[in-house]
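Protein chains: 4
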Amino acid sequence: MSEKISSVHYINYLSLDKILDAQSPLSGEGKDAAHEEMLFIIIHQTYELWFKQIIHEINSVMDLFKDEKIDEKNVGVVVSRMDRVNKIMSTLIGQLEILETMTSLDFLDFRDQLSPASGFQSHQFRKLEVMLGLKIKKRHQFGGCPYHAQFEGKKKKEILELEDNYSLFNVVENWLERIPFLNIDEFDFTKKYDSAVKEMLNKEIEGIKTATLTDSDREIRIRMIEENKKYFERVLSEEEHNKAIENRETNLSYKATMSALLINLYRDEPILHLPYQFLRSLIELDHKIASWRFRHVQMVEKMLGQKIGTGGSSGQGYLKETVDKHKIFTDLANISTLMISRSYLPQLPQNIKDSLGFNYTK
Amino acid sequence: MSEKISSVHYINYLSLDKILDAQSPLSGEGKDAAHEEMLFIIIHQTYELWFKQIIHEINSVMDLFKDEKIDEKNVGVVVSRMDRVNKIMSTLIGQLEILETMTSLDFLDFRDQLSPASGFQSHQFRKLEVMLGLKIKKRHQFGGCPYHAQFEGKKKKEILELEDNYSLFNVVENWLERIPFLNIDEFDFTKKYDSAVKEMLNKEIEGIKTATLTDSDREIRIRMIEENKKYFERVLSEEEHNKAIENRETNLSYKATMSALLINLYRDEPILHLPYQFLRSLIELDHKIASWRFRHVQMVEKMLGQKIGTGGSSGQGYLKETVDKHKIFTDLANISTLMISRSYLPQLPQNIKDSLGFNYTK
Amino acid sequence: MSEKISSVHYINYLSLDKILDAQSPLSGEGKDAAHEEMLFIIIHQTYELWFKQIIHEINSVMDLFKDEKIDEKNVGVVVSRMDRVNKIMSTLIGQLEILETMTSLDFLDFRDQLSPASGFQSHQFRKLEVMLGLKIKKRHQFGGCPYHAQFEGKKKKEILELEDNYSLFNVVENWLERIPFLNIDEFDFTKKYDSAVKEMLNKEIEGIKTATLTDSDREIRIRMIEENKKYFERVLSEEEHNKAIENRETNLSYKATMSALLINLYRDEPILHLPYQFLRSLIELDHKIASWRFRHVQMVEKMLGQKIGTGGSSGQGYLKETVDKHKIFTDLANISTLMISRSYLPQLPQNIKDSLGFNYTK
Amino acid sequence: MSEKISSVHYINYLSLDKILDAQSPLSGEGKDAAHEEMLFIIIHQTYELWFKQIIHEINSVMDLFKDEKIDEKNVGVVVSRMDRVNKIMSTLIGQLEILETMTSLDFLDFRDQLSPASGFQSHQFRKLEVMLGLKIKKRHQFGGCPYHAQFEGKKKKEILELEDNYSLFNVVENWLERIPFLNIDEFDFTKKYDSAVKEMLNKEIEGIKTATLTDSDREIRIRMIEENKKYFERVLSEEEHNKAIENRETNLSYKATMSALLINLYRDEPILHLPYQFLRSLIELDHKIASWRFRHVQMVEKMLGQKIGTGGSSGQGYLKETVDKHKIFTDLANISTLMISRSYLPQLPQNIKDSLGFNYTK
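Going down the list, the protein sequences come from chains A, B, C and D.
Each residue of the first sequence is one higher than the one before, counting from 294 in this note's numbering.
Each residue of the second sequence is one higher than the one before, counting from 294 in this note's numbering.
Each residue of the third sequence is one higher than the one before, counting from 294 in this note's numbering.
Each residue of the fourth sequence is one higher than the one before, counting from 294 in this note's numbering.
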């Protein structure tokens, strides 16, 4: 107890002597120094500090999901940690505007010295990608080498081990598969949903048939709905879904997909509200990381242009490719294609409704 | 004079009776109303108001550049108006977060009724694209029809006439061509720059030859510099440049490109400082519009997903294509590839320096 | 059905002919026009559109809380609507940067004509303040007249009626009073909390007594804790609380305050999670409105300076006063002073815990 | 040369081993660790890194102004560095949202241990305040001790020395005093301006006399203008100005104030454009720092509430006081009160106009 009381100065608590002594511009100090190099160093250091924080949060989220049976309390905790991660990502995107105050001419004052050090070598960012679920097979290749070729010793080993471990994607998939609401008593969600979709599409076709339209217009609209029908059939078939997984068109298992669909459709039921917020936060994270890559490409374009036709390696081209390709939770975003309007939504039987509500209000 | 004193109430000054009475949800009012439709209407109305403001600013910028001889005072005015346009764009990007609070399930509550009304039909946004310099040939096609097929009467005519008019791109190109600093007295900028580039690249090759490197490493590096040399040669050749224009690899004329390069390299000279800020603001506008399109794609993805494999038209796919393709000022951004570091920059002769400075300080 | 299919053009759907024809600069059109007046009009129109949206959301939130017994589903809906309102407020704060691109010299070009029209006359904003719960007695007075003196006819009547109606503050207070968890079976929350606080403070005193401190240091620390003790006693006494209400030091009833405290302390229990998010969103709204007023003061300062010593009315001074004074939910923010760390938090008996959980997981 | 080629890895270049090893939560590691303490440490470290960058920029700005005769080129450099500082401040304000994801209950998990370490102890932030020009006499006192009591040794000495040094405020004041345009040949700016103001106010009075107004309304308006007249007279009198300085109502010298006024009024003249941008950037910095303090107060309120009536020291109250009181460049913001509309602005004689323009265009 008595230790707690002994005072800690802010400077020591934050190890500021380490932090504020860690800037060593290659362009030198004094007259020779390139004024702008300090900005380049400091902004990258803040990025790395924030990456550490994001990794801290994602690790804790994965931990909370480890158990077979998740404590309901923890879904709220997870949602607020994901919200924090997304707010950090917003800052990381926004602060690119600071770096963009450095112009290409300024950058040239020290660029030579630091080649080939590049953000591509951020160990923490690679680690984060792997933790989220980016597999080496899915990565866009840069140059001829695998992405981990640039790390050595302990750092390389850590990355390779992470590749073999459970990722956030796996953890989410398993959790979705365990969610027990797809079949309760006599309620079979997939069947109910399937009939609802058919009813909806049939009504749409009826509407078009009786509407005053030109023949060709009517034909086009009916054809579109038929296409939609096929799309839903394919998506609802477990067999077709598994084929799509084999062809790497999709990643999330059939059962997990159905659970995610149920959560999206019945998100207003108390027990599903936080799970819904969690799924949204994962899509949000994917989009924020994509936005960060996208703005990163723009920043590089402002600084270096696009050397069309040069043989030189193009970090910018690499970055551009990863914007879409390195997304992790696209399958969750695509659930939106399966939404049907509330008027067609199958009513839940009262016993199910009760079981999704609070004990108190029962 | 006396009229000025008569009082105007805020409500009348802003025509609020019109503005606040212009929301007519298709889903109806009262019980039937889809709560979220109001948001959908209002956010689109704010977008259109801001588009009007942007068009107001771009029109004034084009006006100020109309004369053969631009009043130097006006470059400052133009820079601050472009800065305003870019701040508006930041707001337009940022406020997408408001729309994203609407989920796909919410959207379905009124989506049926409003089809096919879509943001693609914004007359003002198409007009803005044309004013900036997007030519119909360069546009990404959507469906089988030209983009103006959806407008009629006066609105169609306005768009078609704008296509034939001078655009901001043209105005900037002409202004750059008129800038008189490429050749003053004995100073020939292109020649000087060409020698400086050669000197720089030769020094780099010398450095590599004497460095302790493996043979293969040395070879790679030298090959990279030789590629660079070729790149610079091609860019500096007027003939090659004109070929590139014919092949639509570039748009900006050779002379305008050289002026833009000069402004970028000597931006610290007083007379070039504001022109430099102006060129930067054009690149910034291009990037902001691209960011807006990019975030728009994300918003649609959250709301509708990606219907992989359906035959339905894909507004999202269209949007995605336009992110890069509809950029106007890429040639200005690419000037960055031609920067050389300050130590190689040819010194301006004193008489040129004077002529780029203020009269007072001469 | 067939009507749904008939097409609606974006331009008509959004009443763009009304919206885009509602800008009538007093400085005239053509040569005489003050270029910047358009911005002044358009930004105020977007503010009014967004105020309409905020009022739409707040109305719906109040509606959902009207019933004696709130459907648990609706708390989630309310939270997401409040989140939307707060995102709108962020945009309103951010877009002040656009207006700040107009300088004082620019403003003078049309300012004379529009006097005395001022944002102070926004009927919607006054309405919003009243709806949230700002009572006329609490308002900072401007000039000699009540704030509603500037409205007439229907608009004045609407404001006066709203003053007499239930506000969001009342609705929240009633809802908090109805929350049934302060006394369940043998569990008396206030008593339990009171003992926990005492235990905590006593332990702190013990710690200080045994710590190695100078006598005077020890004395200061013990005195501070004694002050804390008194503070907690006062806050927990219903009698003292009611006195504070009479003296207008606080507004929220004793019972509602205790419920808010319980929600804050046990927010991780499933049934309290969304209520907790809702309370946070109210504090957030208060803060966002305060930030908007604060930034508004800065904007006016940039445009008009502070005429120190002039007799002229000072809109800026008025605004400054309202930043803190017009806050509505300060009592909710002050709950933070009553937090005790998790280690002292009284454990809930299992039957209470169950009753706060989901039926399914029981 | 050969060293330049030897490769530097990103991890070493950024001293990441130091940076990422500098987080030592007092709550411990593993099971005992308070999850949220990491965020608390990391966000403060990013603040300190950014403070280092701001100090780097402000130092360079002061350096560029050191010489008697400022190279015109450098005003552009200074403007872009101030722009960067302001962009950093925007990030610092924005990222408070990350810290606000930590709730008061979370904070209590580790708050005890770190007392009394507080942001108030940031050496760099105090240093920055002093560098900008905040004198100890003007500071709001906290507790009984001067602000530098919390520093020791080298750190204390550095702060005390800075207090005696030139600040950015001094540097700006000197530069404004040196600007040579107040009197050129026969042109006496202050006189010209004085007549223009009188002409303007007289016209306003004439207008009111002939307008259709009630007698009392007319009287009020005329009285307001008379007040304005007195205000201008006082401001334009060097004697009165010096009295105001003695009474600490204003800080900026009379001559510097007149120069700032001239720059504001004739900012469109080429030679004054960048000086105008610079003055604006100083006001902007003041406002950004004030916004940061203001948001900081809100953050503390969310975390700790306002312990009304406790004896404990109130960091929040201190912060609140500094929002306005610690502003440095208020006198520059107040120049706005002296603007007169372009129609009354005295025309510059042609020889003066020439001398404010570019040599080339003469």
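Don't be surprised by glycine CBs; every beta carbon is placed ideally from N, CA and C.
Please read all numbers here as calculations on a predicted model, not as lab measurements.
Closest option to ARG573/A, judged by alpha-carbon separation, among TRP585/A, ARG560/A, ALA583/A and ILE564/A: ARG560/A. Judged by their CB atoms, TYR637/C and ALA489/C are nearer to each other than the 7 Å cut-off. C-alpha of PRO473/D to C-alpha of LEU649/D: approximately 11 Å in a straight line. Here the C-alpha atom of ASN535/A lies approximately 28 Å from the C-alpha atom of LEU421/A.
Counting only residues of its own chain and dropping the five nearest sequence neighbours on each side, ALA326/A has a CB closer than 8 Å to the CB of PRO318 and SER320.
The C-beta separation of SER629/B from THR394/C comes to about 26 Å, leaving the pair out of contact by the 8 Å criterion. Chain order gives the chain C residues near ASN627/D as GLY598 and GLN599, where near means a beta carbon separation below 7 Å. Taking the Cα of ASP356/A as reference, the smallest distance to any Cα among GLU479/D, SER634/D, ILE351/D and HIS328/D is reached at HIS328/D. For LEU567/A, the CB contacts under 7 Å within the same chain, skipping 5 residues up- and downstream, are VAL368, GLY369 and VAL372 in chain order. In this structure, the beta-carbon distance from MET551/B to THR623/B does not fall below 7 Å. In the three-state reduction of the DSSP assignment, ASN544/B falls in the coil class.
Chain-order list of chain A residues neighbouring VAL370/C: ASP561, by C-beta distance under 9 Å.
Counting only the Cα atoms, TYR611/B lies some 10 Å from ARG432/B.
Judged by beta-carbon spacing, ASN557/D lies beyond the 7 Å limit of GLN599/C, meaning their Cβ atoms are not closer than that value. In this structure, MET424/B is the residue among LYS447/B, MET424/B and PHE587/B with its C-alpha nearest to the C-alpha of ASP457/B.
The DSSP-derived three-state label of PHE474/B is coil. Taking the CA atoms as reference points, THR339/A sits about 18 Å from PHE418/D. Just measuring C-alpha positions, the residue of LYS581/B, PHE651/B, ARG586/B and MET592/B sitting nearest ARG377/B is LYS581/B.
Counting only residues of its own chain and dropping the five nearest sequence neighbours on each side, LEU469/C has a CB closer than 6 Å to the CB of ALA549, SER552 and ALA553. By the beta-carbon neighbour count (other beta carbons within 10 angstroms, threshold 16), ASP399/C is buried. Residue state for PHE651/D is assigned as strand, using DSSP reduced to three classes.
For PRO563/B, the enclosing alpha helix (DSSP H) has its first and last residue at 563 to 597. Here PRO439/A is exposed. Its C-beta has fewer than 16 other C-beta atoms within 10 Å. Contact annotation for GLY321/A against chain D: no contact, minimum CB-CB distance about 12 Å [criterion: below 9 Å]. The beta carbon of VAL593/C sits no closer than 7 Å to any beta carbon of chain B.
GLU365/D sits away from PHE444/B, with the two beta carbons spaced by 7 Å or more. Residue contact with chain A for ILE564/C: present (Cβ-Cβ distance below 7 Å to some residue of chain A). Contact with chain D is absent for LEU332/C, since none of that chain's Cβ atoms lies less than 7 Å from the residue's Cβ.
When the beta-carbon positions are compared, ILE645/B and ILE477/B come within less than 7 Å of each other. Contacts between GLU341/C and chain B, judged by CB atoms closer than 7 Å, involve LEU307, LEU309, ILE312 and LEU313 in chain order.
For a Cβ distance threshold of 9 Å, residue set GLU365, LYS366, PHE651, ASN652 and TYR653 of chain A lies close to GLY650/C, ordered along the chain.
By the C-beta criterion, the stretch 489 to 499 of chain C is judged to be in contact with the stretch 514 to 532 of chain C, since at least 3 inter-stretch pairs fall below 8 Å. For ALA489/C, the enclosing alpha helix (DSSP H) covers residues 482 to 503. Shortest Cα-Cα distance from ASP481/B to any of LEU555/B, GLN570/B, ASP310/B and SER397/B involves LEU555/B. If one requires a minimum length of 4 residues, the alpha helix (DSSP H) runs lying completely within the stretch 391 to 474 of chain B are 397 to 407, 416 to 425, 446 to 457 and 461 to 471, in chain order. Residues of chain D whose Cβ lies closer than 7 Å to the Cβ of HIS619/C do not exist, since the nearest Cβ in that chain is about 15 Å away.
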